[in-house]
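*Asks:* Numbering (this note's numbering), first residue to last: -9 to 334.
The beta-carbon is built from N, C-alpha and C at its ideal position, and this holds for glycine as well.
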Ligand SMILES: Nc1ncnc2c1ncn2[C@@H]1O[C@H](COP(=O)(O)OP(=O)(O)OP(=O)(O)O)[C@@H](O)[C@H]1O
Ligand SMILES: [Mg+2]
């Protein structure tokens, strides 16, 4: 059976399967009633459609099922107006159709075109929303789903026993456990630095420790915002989120064919922004002197050095792309809990 690990983050949706890893921005918005002109909106754009149950306008009437079209990923801001794009920072986003559209777009990346059949799926929720949303998300994902991605139809079935929903930060722990089984016996403190939020916990005996778990609305986007303002004020340059995010990764940006070194400014910005986060984590963990401390997520490299100033025994994930650490952990879980086929 096809096994997919999907992490729909507030900024980036990540997929990991047996032979594929990919990601796209978590941008999703409802399109026009009759759908998009696919001729005009060519292949890089992703459009997703599925039937949504809508209450009828007529009092006492039955619910109607109607096909709804969504633009998702990189091209979404060109296809739908800004106010239609889902607000991924709101707590009820996980119950929205826009969220489901991102999930289906990621599924389509991991299966063959026109796939019809079962899948095993592992996904997650932020720590703060896990208790409240886990059951609702589970209920929503179990069953058979018919949808189209770029007009190609899919029909997937997810059975209860094939679905795993966990706190996202647990995925980060599992990605390390897959590399070092001995972590199972230790106390492991993990911090997942994401786009808009950061989550942390301590894992002991494969379970999260309640008093050591938390989250904060601080992430890479705060640094992107700060650097964007700096570029606008000093260079009169208006740059997109992606352009500034890349500039932060490489420490420089090209403005009017001139290379601008941003390293000092990024260092200062990260220090100011990550400071309160690191203080909160340190206090909650009381320094975690007896634990392995691991920082992962797309913001690991950026925030890692600041974490190390307060918690010097921190390991910053050195994977080629730490953005995949959570979803790789989900995937390793799927393979670890495979059920043995029944003997004939
Ligand atoms: N290889 C990469 N490609 C694109 N963005 C990257 C990459 N590596 C790091 N980033 C940056 O890291 C940020 C955080 O990525 P991550 O996927 O961990 O966040 P998220 O899961 O969407 O957020 P949250 O956990 O808050 O919901 C991205 O928004 C981006 O700015
Ligand atoms: Mg995340």
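Can you check whether the CB of residue 185 is closer than 8 Å to the CB of residue 2?
*Replies:* Here residue 2 refers to the residue found at position 12 when the chain shown is read from its first residue. Here residue 185 refers to the residue found at position 195 when the chain shown is read from its first residue. Yes, these two residues count as a Cβ contact at 8 Å.
*Asks:* Identify the continuous beta strand (DSSP E) that holds residue 106 and give its terminal residues.
*Replies:* What you label residue 106 is simply residue 116 of the chain shown in a count that begins at 1. Where residue 106 is concerned, the enclosing beta strand (DSSP E) stretches over 106 to 115.
*Asks:* Determine the DSSP secondary structure at residue 157, reduced to helix, strand or coil.
*Replies:* Within the chain shown, residue 157 is the residue found at index 167, counting from 1. Residue state, collapsed to three classes: strand.
*Asks:* State yes or no: is the C-beta of residue 2 nearer than 7 Å to some heavy atom of ligand 1?
*Replies:* The sequence position of residue 2 within the chain shown is 12, counting from 1. Yes, since a heavy atom of ligand 1 falls inside the 7 Å radius drawn around the Cβ of residue 2.
*Asks:* Can you list, in chain order, the residues of its chain whose CB lies under 8 Å from that of residue 270, leaving out five sequence neighbours each side?
*Replies:* Looking up residue 270 in the chain shown gives position 280. Contacts found: 204 and 206.
*Asks:* Could you compute how far the alpha carbon of residue 318 sits from the alpha carbon of residue 165?
*Replies:* For the purposes of this step, residue 318 is taken as residue 328 along the chain shown, with counting starting at 1. For the purposes of this step, residue 165 is taken as residue 175 along the chain shown, with counting starting at 1. Cα to Cα, residue 318 sits roughly 6 Å from residue 165.
*Asks:* Determine, using beta carbons only, whether residue 114 and residue 157 come nearer to each other than 8 Å.
*Replies:* As a working mapping, residue 114 is identified with position 124 in the chain shown. As a working mapping, residue 157 is identified with position 167 in the chain shown. In contact: residue 114 and residue 157 (Cβ atoms closer than 8 Å).
*Asks:* Using the Cα positions of residue 244 and residue 213, report the straight-line distance between them to the nearest angstrom.
*Replies:* Taking the first residue of the chain shown as 1, we reach residue 244 at position 254. Taking the first residue of the chain shown as 1, we reach residue 213 at position 223. Approximately 18 Å, taken between the alpha carbons.
*Asks:* Given residue 173, which residues of its chain have a CB within under 7 Å of its CB, disregarding the five upstream and five downstream residues?
*Replies:* Counting from one through the chain shown, the residue named residue 173 turns up at place 183. Contacts found: 166, 167 and 282.
*Asks:* Within 10 Å of its beta-carbon, does residue 13 have 16 or more other beta-carbons around it, so buried, or fewer, so exposed?
*Replies:* If you number the chain shown from 1, residue 13 lands on position 23. Classification for residue 13: buried.
*Asks:* What ranges does the beta strand (DSSP E) occupy inside the region 257 to 301, keeping only unbroken runs of at least 3 residues that lie completely in it?
*Replies:* 282 to 286
*Asks:* Comparing the CB of residue 271 with every heavy atom of ligand 1, is any distance shorter than 7 Å?
*Replies:* Position 281 of the chain shown, counted from the start, is the residue given in the question as residue 271. Residue side-chain check: residue 271 keeps its Cβ at 7 Å or more from all non-hydrogen atoms of ligand 1.
*Asks:* Please classify residue 240 as buried or exposed, where buried requires at least 16 neighbouring CB atoms within 10 angstroms.
*Replies:* In the chain shown, residue 240 corresponds to position 250, counting from 1. Flag for residue 240 reads exposed.
*Asks:* Between the C-alpha atoms of residue 75 and residue 143, what's the straight-line distance to the nearest angstrom?
*Replies:* Within the chain shown, residue 75 is the residue found at index 85, counting from 1. Within the chain shown, residue 143 is the residue found at index 153, counting from 1. Taking the straight line from one Cα to the other gives about 24 Å.
*Asks:* Could you tell me the boundaries of the beta strand (DSSP E) in which residue 179 lies?
*Replies:* Counting from one through the chain shown, the residue named residue 179 turns up at place 189. Element bounds for residue 179: 178 to 183.
*Asks:* Whole-angstrom Cβ separation of residue 21 and residue 37, contact assumed at under 8 Å?
*Replies:* For the purposes of this step, residue 21 is identified with residue 31 of the chain shown, where counting begins at 1. For the purposes of this step, residue 37 is identified with residue 47 of the chain shown, where counting begins at 1. 7 Å between Cβ atoms; contact.
*Asks:* Looking at C-alpha atoms only, which residue of 97, 0, 234 and 311 is the closest neighbour of residue 146?
*Replies:* Along the chain shown, one-based indexing puts residue 146 at 156. Checking every option, the nearest Cα to that of residue 146 belongs to 97.
*Asks:* Tell me whether residue 103 sits in a helix, a strand or coil according to DSSP, three-state version.
*Replies:* Looking up residue 103 in the chain shown gives position 113. Correct three-state label for residue 103: coil.
*Asks:* Assuming contact is defined by CB atoms lying nearer than 8 Å, are residue 40 and residue 62 in contact in what I supplied?
*Replies:* For the purposes of this step, residue 40 is identified with residue 50 of the chain shown, where counting begins at 1. For the purposes of this step, residue 62 is identified with residue 72 of the chain shown, where counting begins at 1. Cβ atoms of residue 40 and residue 62: not closer than 8 Å.
*Asks:* By alpha-carbon positions, which one of 275, 208, 242 and 306 ends up nearest to residue 266?
*Replies:* Position 276 of the chain shown, counting from 1, holds the residue named residue 266. Nearest option by C-alpha distance: 208.
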